[in-house]
Amino acid sequence: MKLNERSLAFYATCDSPADNAGFLYKRGERHTAYHRRWFVLKGNMLFYFEDRDSREPVGVIVLEGCNVELCDAAENYAFAIRFGGTKSRTYVLAAENQAAMESWVKSLSRASFDYMRLVVRELEKQLQEMTQGLAGGCAGSREPPGLWKPKPSGLEESREQLPALPAILPKENGCAVWNNVLGADRLPDTSGCAGHDEEGNPRPPPLPPRRGVSNGEAAAVAQSPSTFCRLHEQYSREVAQLRQDWQQRQRGPRP
Numbered sequence: 001m002k003l004n005e006r007s008l009a010f011y012a013t014c015d016s017p018a019d020n021a022g023f024l025y026k027r028g029e030r031h032t033a034y035h036r037r038w039f040v041l042k043g044n045m046l047f048y049f050e051d052r053d054s055r056e057p058v059g060v061i062v063l064e065g066c067n068v069e070l071c072d073a074a075e076n077y078a079f080a081i082r083f084g085g086t087k088s089r090t091y092v093l094a095a096e097n098q099a100a101m102e103s104w105v106k107s108l109s110r111a112s113f114d115y116m117r118l119v120v121r122e123l124e125k126q127l128q129e130m131t132q133g134l135a136g137g138c139a140g141s142r143e144p145p146g147l148w149k150p151k152p153s154g155l156e157e158s159r160e161q162l163p164a165l166p167a168i169l170p171k172e173n174g175c176a177v178w179n180n181v182l183g184a185d186r187l188p189d190t191s192g193c194a195g196h197d198e199e200g201n202p203r204p205p206p207l208p209p210r211r212g213v214s215n216g217e218a219a220a221v222a223q224s225p226s227t228f229c230r231l232h233e234q235y236s237r238e239v240a241q242l243r244q245d246w247q248q249r250q251r252g253p254r255p
């Protein structure tokens with residue numbers, strides 16, 4: 001594998017977010033001594049620097065075709081990055097504490113494209129199962145899922161069972177009358193003909209004629225005073241008589 005050193009150095013030090021970063025102890029390839037290095041994980045590349053403020057990385061580890069596992073070493077909290085093959089190198093690293101070691105092992109184990117490929121396949125499988133489940137549920141229903149309607153409540157069902165009211169209510173003697181017969185959607189026959197209609201249903205009785213008022217009765221009603229007026233005049237006379245008697249008593253007997 002050929003890598004461009006300038007491109008790697010720029011990628012390692014650019015402002016792109018890192019998956020993990022921190023100090024680790026790295027065991028040398030020839031000498032077994034451990035050196036404290038600043039590690040930065042970006043994607044499937046693990047960069048390590050001499051110091052945190054270094055401008056260029058000392059090396060890079062491409063995390064493909066490898067396994068991350070714990071190992072026994074002179075340093076505590078040690079773990080190894082092992083590659084397949086007889087001539088492949090094994091990188092032994094050590095963290096400063098247990099939490100840092102667990103965080104690095106988890107991050108490095110998920111950094112390869114092989115792991116991402118497995119995750120994508122698992123997500124595609126779950127999506128396919130969900131799609132098939134939804135399709136099976138919609139197939140058993142008579143209506144498509146887009147036309148689903150909520151089940152009407154008890155109040156809506158009672159409204160649907162009520163008969164439709166006529167647009168114009170019948171009137172008797174100038175007053176509106178409700179037809180109490182359920183299912184009757186026609187106005188009552190006011191022609192005065194008794195019997196049955198075309199469907200055999202009994203017809204309502206004819207309406208009585210309105211009573212007319214003669215001219216004499218109307219004049220008498222207009223000329224006769226009301227009961228309130230008569231009572232008013234009667235009590236007025238009594239009050240006036242009582243007031244006159246009281247005034248005479250106040251003046252005393254005449255000489």
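Going left to right, the sequence shown walks through residues 1 to 255 as UniProt numbering numbers them. Ideal placement from N, C-alpha and C gives every residue a C-beta, glycine not left out.
Worksheet item: Roughly how many angstroms lie between the CA atoms of residue 76 and residue 137, to the nearest whole one?
Response: By one-based count along the sequence shown, residue 76 stands at place 76. By one-based count along the sequence shown, residue 137 stands at place 137. Taking the straight line from one Cα to the other gives about 56 Å.
Practice prompt. Ignore the nearest five residues each way along the sequence and tell me which others in residue 50's own chain have a CB closer than 8 Å to its CB.
Written response: Counting from one through the sequence shown, the residue named residue 50 turns up at place 50. Once the five neighbours on either side are set aside, the close Cβ partners of residue 50 are 37, 38, 58.
Worksheet entry | the region 70-89 contacting the region 112-132, beta-carbon criterion three pairs below 8 Å | no
Item to complete: Measure the CB-CB distance between residue 92 and residue 27 and report whether it falls below 8 Å.
Response: Numbered from its first residue, the sequence shown carries residue 92 at position 92. Numbered from its first residue, the sequence shown carries residue 27 at position 27. The answer is yes: Cβ separation under 8 Å.
Worksheet entry | Close Cβ partners of residue 64 (< 8 Å) along its chain, the five nearest in sequence each way excluded | Within the sequence shown, the letter at position 64 stands for residue 64. Cβ neighbours of residue 64 beyond the five flanking positions: 44, 112, 113, 114.
Worksheet entry | Inter-residue CB distance, residue 108 and residue 60 (contact presumed, cutoff 8 Å) | Your numbering for residue 108 matches position 108 in the sequence shown. Your numbering for residue 60 matches position 60 in the sequence shown. Actually they do not touch by this definition, with Cβ atoms about 13 Å apart.
Item to complete: Determine the burial state of residue 24: buried for a count of at least 16 other Cβ atoms within 10 Å of its Cβ, exposed for fewer.
Response: Working through the sequence shown from its first residue, we reach residue 24 at position 24. Residue 24 is buried by the Cβ-count criterion.
Item to complete: Could you pull the start and end residues of the alpha helix (DSSP H) that residue 230 belongs to?
Response: Taking the sequence shown and counting its residues from 1, one reaches residue 230 at position 230. Residues 227-251.
Item to complete: Just grab the DSSP bridge partners of residue 20 for me.
Response: For the purposes of this step, residue 20 is identified with residue 20 of the sequence shown, where counting begins at 1. For residue 20, which the question treats as bridged, DSSP gives the partners 41.
Practice prompt. Only counting runs of 3 or more residues, tell me where the beta strand (DSSP E) segments fall wholly within the region 46-75, in order along the chain.
Written response: 59-62, 66-70
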